[in-house]
Amino acid sequence: MFTLLYTRDHQTCRHPLRPGDTVVGRAPICDLAIDDPSISRRHVRFRVHGDHCVLTDLGGRNGTFLNGEQVTEAEVRAGDAVVLGRFPIRIDRGDLEPFSLSDSHSILESAGTVIRRVDPAPGAVRPAAEPERLLLLLSQIAGQLVRWGPLEDILDRIVSVVLDTVPVERAFLLLLDGGTGELVPRVVRARDRLPVAGASVSRTVVRRVIEERVAILACDVLLESRLAAAPSLLGGNVRSFMCTPLWNQDRVIGVIYVDNPQTAQLGGGDLDVLQALGAYAAVAIEQARLTERLLEEARLRDRLQRYHSAAVVEKILSAAGGPSDDLPFAAEERDVTILFADIVNFTGRSERMSPTAVAQLLNACLGALCDAVFAEEGTLDKFLGDAVLAVFGAPLSQPDHAARALRAARAMHRAMATLGIQPPIVLRIALNSGVATVGDIGSPRRREYTVLGDVVNTCARMVSSACEPGEIVLSASTRDRLDHDPGLRGLGPVRLRGRDSAVELFALGS
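Our numbering runs 699 ahead of the 1-based position in the sequence shown.
Put into structure tokens, the structure is as follows:
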């Protein structure tokens, strides 16, 4: 069975491709919905028939790429790298035996065995390497590794360069997991691009390469009973291999391992080329990782700035230690103040205007209201037609959230007066404080930062039932959280629609 492998929220996700069509895009109606800005609503279709899978681009605005080349339709195989816009996906076959690190290997020491300390400087190659091969390598590097691409695409290109410049049948690229320290196979490929089933690499060899920082060229024999019974095979070239570390400044980030299961033995010049490639490859990998981090930060900032001011965005990123999808937005209870602002008689006003004029007016008003929220480091929850719902005190704690909300409400009234719109825009604004649930709420396909609870519902009822045009109405709970009396006028206990008990309210003119 074909499977799509991709990473979201720092987790590897698998989506099996069933026989027939699977549509991938950003729209929730897709068979696989991926909320990434570079992916179109209906981006690509995978059609599985028997042992074949065909990819068809559905007009994605940022294109579809297969192993680094833009395509409109192509057959995909296990191990292929597909990029939708800028979002990388790997094709896998769940019915193939997985790659493994094995302890059942032994190095055959011979005159051809080379164990060499590696110079971490990029391009450090022994003069023994053939100049024409180094020129070919540099040409391949310039053409493949210098071009920007997602990390998965870069890893795929590295292995392609290896197979183009070194006479080997198979290539394996493994990276160290920064959290666990385990080696993770990222690309496993044969020269003919067919899946490499049941492949294993010596754990002892790759660990020695990493820990001693050496490159190794040798023969490797699997210690199997059938080989032990055939001594003549042990002296021959059963498996010639090379392994070199991938350097990142002063540390190793992974290895490139190549081998010839049954063909001609590799030589010292081959190891020179692989070492040089390993040095350049490590630089390309780190550049791709840095670029992905920058893109992720830009994506995250764009997401945060929908709800928060620039100052709050910086505080959130600093508190989280940097950009990450697993920021502290899990749903939690917080003591907050809710602000609900509504434009008076906007429906009646808009009846006499063209749709374009209505949109322009609404954008001007909502933009000014949003600025007032952000000036007090509040969080914009959502626009509700001609109304704004904002929260103060989340996601970052603000002990003075009630005072911030009141200042924002007053600023909103002032902002409407300065817009110069005739007749003037008039607001109703309500403030209510209490414990609410705040955080990312929604389905696995789409989640949004929002606030829920009775404190929100009560605030909405206050603005619709108890607030006169031009007023700011506060609940007793908000008043009690203010450190001074702003000159409130008591409205007494007021019964609100949908509530059994009355709510004590206070009014403040604009």
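Beta carbons are placed, not taken as given, at the ideal position from N, Cα and C, and that holds for glycine.
{"Item": "Inspect the beta-carbon positions of residue 915 and residue 814 and report whether they are closer than 9 Å.", "Value": "yes"}
{"Item": "So what's residue 781 in DSSP terms, helix, strand or just coil?", "Value": "strand"}
{"Item": "Enumerate in chain order the residues of its own chain whose CB-to-CB distance from residue 1203 is below 6 Å, with the five nearest sequence positions on each side excluded.", "Value": "1175, 1192"}
{"Item": "In angstroms, rounded to a whole number, what distance separates the CA positions of residue 720 and residue 969?", "Value": "44 Å"}
{"Item": "Quick one: what does DSSP say residue 911 is sitting in, helix, strand or coil?", "Value": "helix"}
{"Item": "Helix, strand or coil: how does DSSP classify residue 790 here?", "Value": "strand"}
{"Item": "Out of 1126, 1068, 954, which one is the CA nearest neighbour of residue 875?", "Value": "954"}
{"Item": "At the level of alpha carbons, what is the spacing between residue 1078 and residue 1069?", "Value": "9 Å"}
{"Item": "Could you check how far apart the C-beta atoms of residue 991 and residue 849 are, in whole angstroms? I think they sit under 8 Å.", "Value": "7 Å"}
{"Item": "Taking contact to mean 3 or more Cβ pairs, one atom from each stretch, closer than 8 Å, check whether the segment 1157-1164 and the segment 1054-1063 are in contact.", "Value": "no"}
{"Item": "Can you tell me where the beta strand (DSSP E) holding residue 1153 begins and where it ends?", "Value": "Element bounds for residue 1153: not the beta strand (DSSP E) but the alpha helix (DSSP H), 1153-1164."}
{"Item": "With a CB to CB cut of under 8 Å and the five nearest residues on each side skipped, what residues in its chain are close to residue 952?", "Value": "874, 875, 945, 946, 981, 984, 985"}
{"Item": "Once the 5 residues before and after residue 784 are set aside, which same chain residues still bring their CB inside 6 Å of it?", "Value": "737, 738, 761"}
{"Item": "From residue 913 to residue 890, what distance separates their C-alpha atoms?", "Value": "25 Å"}
{"Item": "Note down the Cα distance separating residue 1046 from residue 774, rounded to an integer number of angstroms.", "Value": "54 Å"}
{"Item": "How many whole angstroms separate the CB atoms of residue 1040 and residue 1110, which I take to be in contact at a CB cut-off of 8 Å?", "Value": "Between residue 1110 and residue 1040 the Cβ distance is about 11 Å, and since that is not below 8 Å, they are no contact."}
{"Item": "Is it buried or exposed for residue 1131, if we count other Cβ within 10 angstroms and need 16 for buried?", "Value": "buried"}
{"Item": "Quick check on the DSSP output: the alpha helix (DSSP H) that includes residue 1176 runs from which residue to which?", "Value": "1175-1179"}
{"Item": "Give me whichever residues DSSP pairs with residue 720 in a beta bridge.", "Value": "746"}
{"Item": "Which residue marks the beginning of the beta strand (DSSP E) containing residue 889, and which one marks its end?", "Value": "882-889"}
{"Item": "Should residue 1133 be labelled buried (16 or more other beta-carbon atoms within 10 Å of its own) or exposed?", "Value": "buried"}
{"Item": "Alpha carbon to alpha carbon, how far is residue 1184 from residue 1173?", "Value": "12 Å"}
{"Item": "For residue 1083, does the count of other Cβ atoms within 10 angstroms reach 16, so buried, or fall short, so exposed?", "Value": "exposed"}
{"Item": "According to the neighbour-count rule (16 or more other Cβ atoms, all chains shown, within 10 Å of its Cβ), is residue 715 buried or exposed?", "Value": "exposed"}
{"Item": "Based on Cα-Cα distance, which residue from 993, 1052, 1128 lies nearest to residue 1121?", "Value": "1052"}
{"Item": "Could you tell me the distance, in whole angstroms, from the CA atom of residue 1166 to the CA atom of residue 1155?", "Value": "16 Å"}
{"Item": "Would you mind reading off the limits of the beta strand (DSSP E) that contains residue 901?", "Value": "899-901"}
{"Item": "Leaving out the 5 sequence neighbours to the left and right, which residues in its chain are closer than 8 Å to residue 786 when beta-carbon positions are compared?", "Value": "705, 733, 735, 737, 738, 849"}
{"Item": "So, at 6 Å on beta carbons, what are the nonlocal neighbours of residue 1149 in its own chain, with the 5 sequence-adjacent residues on each side left out?", "Value": "1080, 1140"}
{"Item": "Could you name the residues that DSSP lists as bridge partners for residue 772?", "Value": "755"}
{"Item": "Do you know offhand how far residue 854's Cα is from residue 766's?", "Value": "10 Å"}
{"Item": "Provide the residue span of the beta strand (DSSP E) that contains residue 1062, from first to last.", "Value": "Run containing residue 1062: none in the beta strand (DSSP E); it sits in the alpha helix (DSSP H), 1054-1074."}
{"Item": "Would the beta-carbon of residue 1074 fall within 9 Å of that of residue 1107?", "Value": "yes"}
{"Item": "Is residue 985 helix, strand or coil by DSSP?", "Value": "helix"}
{"Item": "Have a look at the DSSP bridge pairing and note the partners of residue 712.", "Value": "705"}
{"Item": "Based on DSSP bridge pairs, tell me the residues matched to residue 950.", "Value": "947"}
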